[in-house]
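To start, the structure under review is shown below, and the notes come after it.
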Amino acid sequence: PPTLRSPGRPGELSLVVLLPALRRRLGLLAELHVVKAPARECSGLVLLSSCYRTTEQLQQFFADARRRGQYPATYHAVTVGVPAEAEGEIRARLRWQQHGDTTVVVPVPAPGRRSLARKEVKSTLTRYRVLGAAGGCALLQLQPRT
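First residue of the sequence shown: 8, per our numbering; consecutive thereafter.
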């Protein structure tokens with residue numbers, strides 16, 4: 008779920024707290040380790056391993072890929088509307104905003120220098136490629152860079 012933290016805080020429900028129950032449910036003898044999990048604010052694939060050495064090697068792979076500017080995460084989305092360019096980059100500035108009981112991410116068209124310096128607003132970059140289009144809709148391949 009989008010609000011489930013991976014490591015979590017003491018006494019808080021988290022992915023790590025649920026791993027022993029998941030291991031028992033799957034009938035595994037070895038302890039489960041989180042290789043990669045999405046940030047708390049989004050949902051997505053969680054990569055687990057029952058081998059600590061494999062976990063370390065995969066975590067190092069992802070860290071090295073990020074340092075080299077290679078981002079192994081690729082997503083697909085169907086959009087209403089087709090981008091004018093077949094390939095390109097989407098640059099956006101985003102921040103957290105409270106809406107009732109929920110905190111959501113919203114775009115910030117023109118953030119001030121202070122909000123960027125205080126990291127209240129995050130600059131993002133996503134590369135996209137149109138894989139196909141029909142009926143005014145498009146299938147996009149998305150690769151977040153930041």
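For each residue, glycine too, the CB sits at the ideal point set by N, CA and C.
Item                                                                                                                                                                    : Value
Would you report the Cα separation of P118 and T110, rounded to the nearest angstrom?                                                                                   : 19 angstroms
With distance defined between alpha-carbon atoms, name the residue in R75, P151, R134 nearest to G95.                                                                   : R134
Confirm, please, whether the CB-CB distance from L26 to L36 is below 8 angstroms.                                                                                       : no
Tell me the rounded alpha-carbon separation between A141 and A91.                                                                                                       : 14 angstroms
Excluding sequence positions up to five away, which residues of its chain have a Cβ less than 6 angstroms from the Cβ of V113?                                          : Q104
What are the complete beta strand (DSSP E) segments, minimum 3 residues, inside the region 58-125?                                                                      : 82-87, 94-106, 109-114
So, for V42: in the same chain, excluding its five sequence neighbours on each side, which residues have a beta-carbon less than 7 angstroms away from its beta-carbon? : L54, L55, S56, T62, L65, Q66
When you compare only the Cα positions, how much space is there between S58 and Q150?                                                                                   : Reading the sequence as shown, one finds Cys at residue 58 and not Ser. Cα-Cα distance, rounded: 28 angstroms.
Hey, Y78 and A72 are a contact pair by Cβ (cut 8 angstroms); roughly how many whole angstroms apart?                                                                    : 7 angstroms
Relative to the alpha-carbon of L123, which residue among A28, R100, F69, R30 has its alpha-carbon at the smallest distance?                                            : R100
Under three-state DSSP, which class holds R30?                                                                                                                          : helix
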